[in-house]
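J.: Take this structure, written in structure tokens, and hold onto it; I'll ask about it next.
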């Protein structure tokens, strides 16, 4: 059953690459370009996953554990992660899918992300990470604090997601494109530009299916990238085969799925960065690993899964990742004098 992780990861890697879906630009643009379209699509992703997750919980297919809220580690780690992913040029899954399409700079970021996460979670700094995460508030779920059903929060979030989808897609002008080379399903999968809201909804469905398959394989947890990346590095160093679980298979196949999508669509190309970009990728990758280990997750584990679970860790982490990304964007890219100027300076969506 652990091999189902390969399937889910491969499919998700394909979708991430074809949808050009990475939260770095989404978070950065909130501050830098004053645009919320891509961030709003991420809210849709969370909402779809939340509905699916709580349906599975209600049916008894998934069991959730009640945990505390490690507020200090979450705030500090999420801020570090958010800032670092801007420096590295991609979030966790964004770095994986860009590595699969031939961006060599992402290879450096990915390697340092996995290595630093391993050091923080399984290596010499694991004690520091645990001590930071031991600083907790007992109630980790928002619905427990508010004394309401999780469905109340889920329905509210779903309603917001529906409104955002309508708001951002109403009367939107069509983007000029080249004449299509393909037709039918091949055109849709390999050529047509994907709507970010549709991409987000599909990812939310995959995340729900992934949790069910992961639980069936003995790993009762949602999608995650940081811990599997750390476990992979630790396995390579120690040979402990027990570390290679559903999550590791899932994470590795993200690259495979992205590679297949990039090759099939003609977008795969080895792109070797200059020395400055390599240094930024390394520094950003290290910061991402450190931040995600402290926060207990990245934009997937916290930003997508813990938020769907309606935990304080998830939503506080999401807020501070956005803040960290905004601060880093201001420091490394600049403020810009207008929305138009900012959008011109902002790199193409990844």
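In this note's numbering, the protein residues as written are 133 to 482. All residues carry an ideal CB built from backbone N, CA and C; glycine is no exception.
(1) Buried or exposed, going by whether 16 or more other CB atoms sit within 10 Å of the CB of residue 266?
(2) Tell me the rounded alpha-carbon separation between residue 300 and residue 169.
(3) Quick one: grab the DSSP three-state call for residue 257.
(4) I need the straight-line Cα distance from residue 249 to residue 275, nearest angstrom please.
(5) Could you check if residue 161 is buried or exposed, using at least 16 other CB atoms within 10 Å of its CB as the buried criterion?
(6) Are the CB atoms of residue 417 and residue 245 nearer to each other than 7 Å?
(7) Are there three or more Cβ pairs, one per stretch, closer than 8 Å when the region 383 to 395 is compared with the region 210 to 221?
(8) Please work out which residues of its chain come closer than 8 Å, Cβ to Cβ, to residue 261, disregarding the five sequence neighbours upstream and downstream, and give them in chain order.
(9) Tell whether a beta-carbon distance below 7 Å holds between residue 184 and residue 286.
(10) Should residue 229 go down as buried or exposed, given a rule of 16 or more other Cβ atoms within 10 Å for buried?
(11) Just to confirm the assignment: which complete alpha helix (DSSP H) runs, minimum length 4, are found wholly within the region 297 to 331?
(12) Following the continuous alpha helix (DSSP H) through residue 431, name the residue where it begins and the one where it ends.
(13) Would you check if the distance between the CB atom of residue 232 and the CB atom of residue 385 is smaller than 7 Å?
(14) To the nearest angstrom, how far is the alpha carbon of residue 148 from that of residue 345?
(15) Can you tell me whether residue 165 is helix, strand or coil according to DSSP?
(16) So for residue 265, helix, strand or coil by DSSP?
(17) I need the DSSP call for residue 491, collapsed to helix, strand or coil.
(18) Tell me whether the region 442 to 455 and the region 360 to 375 touch, counting them as touching only if at least three CB pairs, one residue from each stretch, are closer than 8 Å.
(19) Compare the C-beta of residue 257 against all C-beta atoms of chain D and say whether one is closer than 7 Å.
T.: Concretely, from the data shown:
(1) exposed
(2) 6 Å
(3) coil
(4) 30 Å
(5) buried
(6) yes
(7) no
(8) 205, 252, 253, 425 and 426
(9) no
(10) buried
(11) 316 to 322
(12) Residue 431 -> no alpha helix (DSSP H), and no H or E assigned at all.
(13) no
(14) 20 Å
(15) coil
(16) helix
(17) Absent from the structure is residue 491, since the part of the chain shown begins at 133 and ends at 482.
(18) no
(19) This model lacks chain D altogether; it includes just one protein chain.
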